[in-house]
Amino acid sequence: MAPMTARIPDKATVDGLEDRWNEAWEDQGTYRFDESKDREQIYSIDTPPPTVSGSLHVGHVFSYTHTDAVARYQRMRGREVFYPMGWDDNGLPTERRVQNYFGVRCDPHLPYEPGFEPPHEGGEGKSIKAADQQPISRRNFVELCERLTEEDEKQFEALWRHLGLSVDWSRTYQTIAPNAQAVAQQAFVRSLARGEAYQAEAPTLWDVTFRTAVAQAELEDRERPGAYHRIAFEPAADLEEATGSYDSIWIETTRPELLPACVALVAHPDDERYKPLFGKHVRTPLFGVEVPVVAHRLASPDKGSGIAMICTFGDVTDVIWWRELDLPMRSVLGRDGRFAADAPAGLDAPDAAAAYAELAGKTVFSAQARVVEMLQEADLMDGDPRPISHPVKFYEKGDKPLEIVTSRQWYIANGGRDAALRGSLLERGAELDFVPAHMGKRYENWVNGLTGDWLISRQRFFGVPIPVWYPLDEDGEPVWDQRIVPSEDTLPVDPSVDAAPGFSEGQRDQPGGFVGELDIMDTWATSSLTPQIVGGWRDDPELFAKVFPMDLRPQGQDIIRTWLFSTLVRSHLEHGVLPWKHAAISGWILDPDRKKMSKSKGNVVTPMGLLETHGSDAVRYWAASARLGTDAAFDEGQMKVGRRLAMKVLNASKFVLGATGIATAADESLAEGLRATDHVTGGVLGADPLATGAAGDPNPAALDSTGSPVTEPLDRALLAGLADVVDKAGAAFEAYDHTRALEVAETLFWTFCDDYLELVKTRAYDGAAPGEQIDPFAECSPGAASARAALTLALETFLRLFAPVLPFATEEVWSWFRPGSVHRAPWPESAPLRIAAGDAPDMTLVGAAGEALATLRKIKSEAKVSQRTELVSVDLLVPESQVQAVFAAKADLMAAGRVRALQIVDAVVALDPGVDGEGPEDGSIGSSADTTVMRTENVVFAD
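In this note's numbering, the protein residues as written are 1 to 943.
Encoded structure:
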């Protein structure tokens, strides 16, 4: 076989394509966003900013590939795609990573140390105990956070580029960068002015490890062992008098250590057992405090003894009871998760104070053990604790169960306490196009299940400062309700460093001066503003008007309650509109045991090794094979299938370009390659706006009387089927079903490779030896011209169909014969293909011809001879419905099957011994032959 041209490699491979084309795309600005376009020409994507706190995993590759396929499709549809990339680099995950990586911890009371170098660097620093981490100032700590995230971001970008994300890399952002901080603070200041943001001292979910408040959206239930303790409350005088009974009231609790915080017992109002007790009092065991017995609908008659103690606070239900029943506060836990040194109000009696002293300073675990001992010693507990397993609330990134402490925090209204706002947000959710649609129910359930407003303040260090100061009175106490707020033109500000407006730094923390807010915003309070950050809401209103509301929000299903909901809330409050039209929700990646992959479970797979082993196109193929909202198994076998497909694209393209002669022309120049393409296809594709050379005159041999460049029935049938695929794939992409688009294209492509190419190979070469260079402008037979036109049209179409999923292989082939990028080429249209297909109704002919060729090859396989062995003659028995189709492809079948004489016989007719002597004279075959299956008879092999 003669070598390929200089432009097309002798041995095509997908290896190394990523580096080559990433560099070319960057140099050529292939994915650079053009701001001059109008809004109706733009398709904008609110890309998820991954958390920069370690490494990406294969789940990221999975979901981001889905987004990139949409971006590439929309770009080929002629839209100017606004596709930025951000880094979510503030918050607890980054702080934890910095602590472990550098062996430090933040102490905001320490002074800044210029030029500080950490005591440890590298790995995860997990050998360094928390107590051994070096305390440093807040500013030094933030500098280390910025230093580490900058390095992480470089690694993230390298991986995303290797994967082939068609992001405009000139438009990256950080959620901690000054412009992002200014956006977050401006949105906060405006919400504060409208009364949507407010401060309150209230029970707060608290992570004792991180020592920060936690929002409802950040909770997760984890199954943990526990135990029910059956404890006796003695009746107070009013209860004894009302009932005439001195019997103890038994409750069952998993939190006996909270007895000193007990403020009431509660039962369901319809529970007949406890109705006589309502309004009366009991005494708490060990502490002897009188507390009321109350009724509430949330009490469960079937749980434990049917009556429970209300403590301040054991869980969120305690908070509801405390608030709705107007009960007193009796807090015992501090922010460090230990019992406070001083007993709460109400435990003034000597016995109560002595009992509490046994618990002061203890952890929850130690306090529980001591309370159980004391109860048993006083004979106030019935039997031993009864072991159970029950769900316990954790901060999603925390290691210890959450506690509830009272603290002053900042909130933003989200409908949790405002029915009208909740209704508006539900209406917004109904307006949003969720893909798949059932994900909208998750949003609706979340909104309906809210129990309070969005807590946005965090008692941490690396985040966006809450832009507020407080005046100090003459005693140096903050006047909380007289907040000092900056003007928008001064943002961003840091109240812990910047002096309050109208004050000097010397007045900080002085009576009559000011104090700065030390809390930072929750990371979602910044991430919820990604459309405003990337769209230039604050700094570039012209751009913002062009990209907002955005077209697409792609994300995972697990953050509907956080990122999606919070972004929708901010957009509704600030702009009065949805932030996007569509929400594309990806499913989860499952490990071989069908469990969700996650870092916390330790079952994730890092992606770079996969990309290097299988190739990026192969990994993208695996990801794109799963529909939105559908969980997918991690499957390297599927990646191998994807690599095989990408390789087939390269090799099939080599054959087509060689057989049509386009490779010969393209070797001279891409302009000549384009001219040859136009010549071979008879001009059916029309003018290409990316063409840099003049198109050639159509090949006269490729036009029939109707003007179609394709004349042979087999070729026309292929193009008719391809036109249907183009319509189906386009409709699928419009419905955000990338998987369906890939399925229909891939199915036909394998038919094209396995059947059609083999059938038309000889005809396309028109007497030339396979691999011999073809002159595309030389005169050829009509049959060859028809094959070459169909091959070229099919190749052009397949490359564009596969481009969103296999960007590297398709770009490689495109560069062999066309200028520009396939990713800036128009998405294929079915109309030119239908013109070329003429009166061909569908793909039936190709399928029948392929089946016939397989039947002829089966003869040789069963005879254990080479497929190059000629058949002198053979009778091919064909089902009645396929006879006409096989006859139409007879010449190609004979050439591909190397058959000298081929008789095509109707399989039904062949069974009739009275027709032309076909079949056994006694008709014995009639009872066993299947006339719906092709088979052969009277086979004669050449010597």
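For each residue, glycine too, the CB sits at the ideal point set by N, CA and C.
- The region 824 to 837 makes no contact with the region 41 to 56, as fewer than three CB pairs between them are under 8 Å.
- Of all C-beta pairs linking the region 183 to 203 to the region 90 to 98, fewer than three are shorter than 8 Å, placing the two stretches out of contact.
- If you draw a straight line from the Cα of residue 860 to the Cα of residue 873, it is about 13 Å long.
- For residue 106, the secondary structure class from DSSP, reduced to helix, strand or coil, is strand.
- Per DSSP, residue 281 is one residue of the beta strand (DSSP E) stretching across 281 to 283.
- Under the three-state reduction of DSSP output, residue 581 falls in the strand class.
- In the structure shown, residue 897 falls within a helical segment according to DSSP collapsed to helix, strand and coil.
- Three or more pairs of CB atoms, one per stretch, sit closer than 8 Å, so the region 791 to 805 contacts the region 734 to 743.
- Where residue 404 is concerned, there is no enclosing alpha helix (DSSP H), although the beta strand (DSSP E) around it starts and stops at 403 to 412.
- Residue 837 and residue 892 do not touch by the CB rule: their CB atoms are close to 17 Å apart, not below 8 Å.
- In the three-state reduction of the DSSP assignment, residue 225 falls in the strand class.
- In the structure shown, residue 383 falls within a coil segment according to DSSP collapsed to helix, strand and coil.
- Per DSSP, residue 311 lies in no alpha helix (DSSP H); the unbroken beta strand (DSSP E) holding it starts and ends at 307 to 311.
- Membership of residue 86 in the beta strand (DSSP E) is indicated by the continuous run 85 to 87.
- Here the alpha carbons of residue 281 and residue 370 stand approximately 26 Å from one another.
- Between residue 204 and residue 399, the gap from beta carbon to beta carbon reaches 7 Å or more.
- Counted as a single uninterrupted DSSP element, the beta strand (DSSP E) harbouring residue 556 occupies residues 550 to 556.
- Straight-line measurement puts the Cα of residue 262 at about 13 Å from the Cα of residue 343.
- Contact annotation: residue 788 and residue 764 have beta-carbon atoms nearer than 7 Å.
- When the alpha-carbon of residue 470 is set against those of 444, 450, 500, the nearest one is in 500.
- Residue 71 and residue 936 have their C-alpha atoms some 50 Å from each other.
- For residue 216, no beta strand (DSSP E) segment is defined, and its DSSP state is neither H nor E.
- Inclusion of residue 107 and residue 135 in the CB contact set at 7 Å is warranted, their separation being smaller than that value.
- Judged by pairs of C-beta atoms under 8 Å, the region 669 to 681 does not touch the region 628 to 637, as fewer than three such pairs exist.
- The beta strand (DSSP E) runs of length 3 or more contained entirely in the region 58 to 95 are, from start to end of the chain, 80 to 82, 85 to 87.
- Of 366, 254, 473, the smallest CA-CA separation from residue 391 is found for 254.
- Put simply, the region 456 to 463 touches the region 518 to 538. At least three CB pairs are less than 8 Å apart.
- Ranked by Cα distance from residue 158, the options 175, 18, 389 are led by 18.
- Take residue 385, set aside five residues on each side of it, and the residues of its chain with a beta-carbon closer than 6 Å to its own are 227, 229, in chain order.
- The beta-bridge partner set that DSSP reports for residue 906 consists of 878.
- The continuous stretches of alpha helix (DSSP H) do not include residue 277, and DSSP gives it neither H nor E.
- For residue 560, the secondary structure class from DSSP, reduced to helix, strand or coil, is helix.
- With distances taken between CA atoms, residue 444 lies nearest to 560 out of 560, 350, 162, 319.
- By the criterion of at least three beta-carbon pairs nearer than 8 Å, the region 575 to 584 is in contact with the region 537 to 552.
- Straight-line measurement puts the Cα of residue 619 at about 13 Å from the Cα of residue 15.
- When the alpha-carbon of residue 154 is set against those of 666, 207, 188, 87, the nearest one is in 87.
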